[in-house]
Amino acid sequence: PPGPQYQQMGRIDGKTIYEIIEHPALIYETLASAGSLWKKLFNPNTLGDLELTVFLRFAFSAFEWLTWGLLFIGLAVIKPTWKNGREERCFYLALLLTMSWPGSLLNTTNINIDATVGVLTTGLVCTSVLLFRNPNLTRWPLFALLFFGSFFFGFGKNELSLVFILALLAIGFVVMLGRYFKVLLGWREAVAILIVALIGNLAGNLFNYSFDPINYQAGWGILNNRSSQASLFETKDFGAWLLMTIERLPFFSLHLLYWNLIGCALWRTRRAIDFHLLFYFVFSSALFFGFFFSHSEVGSRYFEPSLIAFIFGFVLAFPLLDLSGRYNRAFIIVALIISVHATVEIGSTIFRQMKNPTLQQTRFVLPEEVLQVGCIPLLEQADVFNRPEIDYAAYTGLAKKFENAGKKICPIRYTNR
Numbered sequence: 319p320p321g322p323q324y325q326q327m328g329r330i331d332g333k334t335i336y337e338i339i340e341h342p343a344l345i346y347e348t349l350a351s352a353g354s355l356w357k358k359l360f361n362p363n364t365l366g367d368l369e370l371t372v373f374l375r376f377a378f379s380a381f382e383w384l385t386w387g388l389l390f391i392g393l394a395v396i397k398p399t400w401k402n403g404r405e406e407r408c409f410y411l412a413l414l415l416t417m418s419w420p421g422s423l424l425n426t427t428n429i430n431i432d433a434t435v436g437v438l439t440t441g442l443v444c445t446s447v448l449l450f451r452n453p454n455l456t457r458w459p460l461f462a463l464l465f466f467g468s469f470f471f472g473f474g475k476n477e478l479s480l481v482f483i484l485a486l487l488a489i490g491f492v493v494m495l496g497r498y499f500k501v502l503l504g505w506r507e508a509v510a511i512l513i514v515a516l517i518g519n520l521a522g523n524l525f526n527y528s529f530d531p532i533n534y535q536a537g538w539g540i541l542n543n544r545s546s547q548a549s550l551f552e553t554k555d556f557g558a559w560l561l562m563t564i565e566r567l568p569f570f571s572l573h574l575l576y577w578n579l580i581g582c583a584l585w586r587t588r589r590a591i592d593f594h595l596l597f598y599f600v601f602s603s604a605l606f607f608g609f610f611f612s613h614s615e616v617g618s619r620y621f622e623p624s625l626i627a628f629i630f631g632f633v634l635a636f637p638l639l640d641l642s643g644r645y646n647r648a649f650i651i652v653a654l655i656i657s658v659h660a661t662v663e664i665g666s667t668i669f670r671q672m673k674n675p676t677l678q679q680t681r682f683v684l685p686e687e688v689l690q691v692g693c694i695p696l697l698e699q700a701d702v703f704n705r706p707e708i709d710y711a712a713y714t715g716l717a718k719k720f721e722n723a724g725k726k727i728c729p730i731r732y733t734n735r
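Residue numbers (the working numbering): 319 to 735.
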């Protein structure tokens, strides 16, 4: 739908109700642009509910596959050197395990903005920085790409740009310290990278604001509310945060592993700081810990952009790590754990689908009591977004609108899950 009212929130007498979505509009315009490309290949109006669901999940997963494509293009350009063939095989095995890790698969196929636009914008910034590793490339096209990637990053959620800017300032501080103590080479190019990225991101945010100031400003409001209501530093509710962290652990255990590996590699190069490795470590940490200390919801999708940044950091950290001895055994154990986790998760999903064919039923049917009472059901938009014959409300805040139309919202929420 045309902005600023992007979000379908209900239907009265067959007329759909739209409201502001409270996130920067360019996120959804990016999705719409991708959708227009897919519609040149497929006509979604010819698909049934199940086929449409499968197709949408496939189309949304293309964002992450495109991002992985950017990573492999970057690897081809920088041409990393390996001590031996075994080290190279272990590296690509680690990337393959990350691709098939259940936490990544779940977020890739879910329909959301974090694992789509959030992942693509993060991947573009990380790729543009990675290309600077090749000293033979002409610099001005790389700076142009970096500016574009940072500008595009400003299309995303407000909090992502916030942590990006904070990360750039923190990296700049370390670069200046490194220059003072003479432990960082090429500091001039490092400063230029940070300045171009900062200007690009600020320009992207300015464009995002000018495109739709209503949703852009509402995005800052959402961030402020969640920070005050569900941040460990604000609520001091350690118990709620700990329970949420335990529930999230299967989805970001790999993040913590990568964080430690990159941190160890950075520590090993402390006498000759690798700027690019420093960039990925600080950037990925900012993306990850910005959500880590929140306990508003499990939200594994929130951690997908940081996983992409961690992977790019791992690309530079891996050659600096020693896989001999105990590290080699640890690598094998971790690889086995991820392989078993992925096999069990994928296998159990297939088994549940085969055992319970009703899981494939996606067409919502109104409960009999709703038809008898005549109230307006509280439903998820996903169940009835393309069912113009069903009036519904997505949340109770619409009660006044329905009362004005002589209707009443049902007291309980119904679901098709």
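C-beta atoms are modelled at their ideal positions from N, C-alpha and C, and glycine is treated no differently.
Select from the options the residue whose C-alpha is nearest the C-alpha of residue i.
| i | options | result |
| --- | --- | --- |
| Arg731 | Lys719, Leu716, Ala712 | Ala712 |
| Arg375 | Trp356, Leu389, Leu393, Ile391 | Trp356 |
| Ile396 | Tyr410, Phe450, Gly441 | Phe450 |
| Glu707 | Lys333, Lys554, Pro319 | Lys333 |
| Ala485 | Ser468, Val372, Glu721 | Ser468 |
| Leu520 | Cys728, Thr348, Phe465, Trp400 | Phe465 |
| Ile429 | Val372, Met672, Asn452, Phe611 | Val372 |
| Leu389 | Tyr710, Phe632, Val658, Pro695 | Phe632 |
| Thr714 | Lys725, Phe470, Tyr598 | Lys725 |
| Pro320 | Gln671, Ala352, Asp530 | Asp530 |
| Glu405 | Arg586, Ser642, Arg588, Leu625 | Ser642 |
| Ile511 | Phe360, Ile664, Leu487, Tyr498 | Leu487 |
| Ala412 | Ile339, Leu654, Ser546 | Leu654 |
Which residues in the same chain have their Cβ closer than 6 Å to the Cβ of residue i, if we skip the five residues on either side of it in sequence?
| i | result |
| --- | --- |
| Met562 | His613 |
| Trp458 | none |
| Ser446 | Leu463, Leu464, Gly467 |
| Glu721 | none |
What is the DSSP secondary structure of residue i, reduced to helix, strand or coil?
| i | result |
| --- | --- |
| Glu340 | coil |
| Arg735 | Bear in mind that a pLDDT of 46 at Arg735, under 50, signals an unreliable position, so the model cannot answer this. |
| Ala723 | coil |
| Cys728 | strand |
| Ile591 | strand |
| Tyr576 | helix |
| Tyr710 | strand |
| Leu503 | coil |
| Phe649 | helix |
| Pro705 | The question names Pro, but residue 705 is Arg in the sequence shown. DSSP places Arg705 in coil when its eight states are reduced to three. |
| Lys475 | coil |
| Gly715 | helix |
| Val447 | helix |
| Leu455 | coil |
| Gly383 | Position check: residue 383 holds Trp in this sequence, whereas Gly was assumed. Reduced to three states, the DSSP call for Trp383 is helix. |
| Ser468 | helix |
| Leu654 | helix |
| Ile431 | coil |
| Asp530 | coil |
| Gly490 | helix |
Looking only at DSSP bridge pairs, what is residue i linked to?
| i | result |
| --- | --- |
| Ile335 | Gly328 |
| Ile694 | Ile727 |
| Ser612 | Ser549 |
Taking Cβ to Cβ, would you say residue i is nearer than 8 Å to residue j?
| i | j | result |
| --- | --- | --- |
| Leu638 | Val492 | no |
| Leu478 | Gly441 | no |
| Gly608 | Pro342 | no |
| Leu579 | Val652 | no |
| Phe649 | Cys444 | no |
| Ser602 | Ala583 | no |
| Gly345 | Ile431 | It is Ile, not Gly, that sits at residue 345 in the sequence shown. Yes. |
| Val330 | Ala723 | Just to set this straight, residue 330 is Ile in the shown sequence, not Val. Contact: yes. |
| His551 | Phe621 | Residue 551 is actually Phe in this sequence, not His. Cβ atoms of Phe551 and Phe621: not closer than 8 Å. |
| Asp701 | Leu634 | no |
| Leu438 | Thr399 | no |
| Gln699 | Gln323 | no |
| Ala604 | Val514 | no |
| Leu516 | Ile483 | yes |
| Phe470 | Gly522 | yes |
| Tyr598 | Phe630 | yes |
| Arg566 | Ser618 | yes |
Looking at the C-beta of residue i, does it have a partner C-beta in chain C at a distance below 8 Å?
| i | result |
| --- | --- |
| Asn519 | Included in the structure is just one protein chain, with no chain C present. |
Near residue i, which residues of its chain fall below 8 Å by C-beta distance, leaving aside the five closest residues on each side in sequence?
| i | result |
| --- | --- |
| Val509 | Gly490, Val493 |
| Leu455 | Val395, Leu449 |
| Ala660 | Leu415, Ser418, Trp419, Pro420, Leu423 |
| Tyr645 | Leu639 |
| Ala590 | Val501, Leu502, Leu503 |
| Arg735 | In this predicted model, Arg735 has a pLDDT of only 46, less than 50, meaning its place in the structure is not dependable enough to derive any value. |
| Arg365 | The question names Arg, yet the displayed sequence has Leu at residue 365. Taken in chain order, the residues that qualify are Phe373. |
| Asn526 | Pro342, Ala343, Leu344, Gly472, Phe473, Tyr534 |
| Glu337 | Gln323, Gln325, Met327 |
Tell me which residues share the same chain as residue i and place their Cβ nearer than 7 Å to its Cβ, disregarding the 5 neighbours each side in the sequence.
| i | result |
| --- | --- |
| Tyr710 | Gly328, Arg329, Ile694, Pro695, Leu697, Val702 |
| Thr426 | Ser379, Glu382, Ala433 |
| Leu370 | Pro362 |
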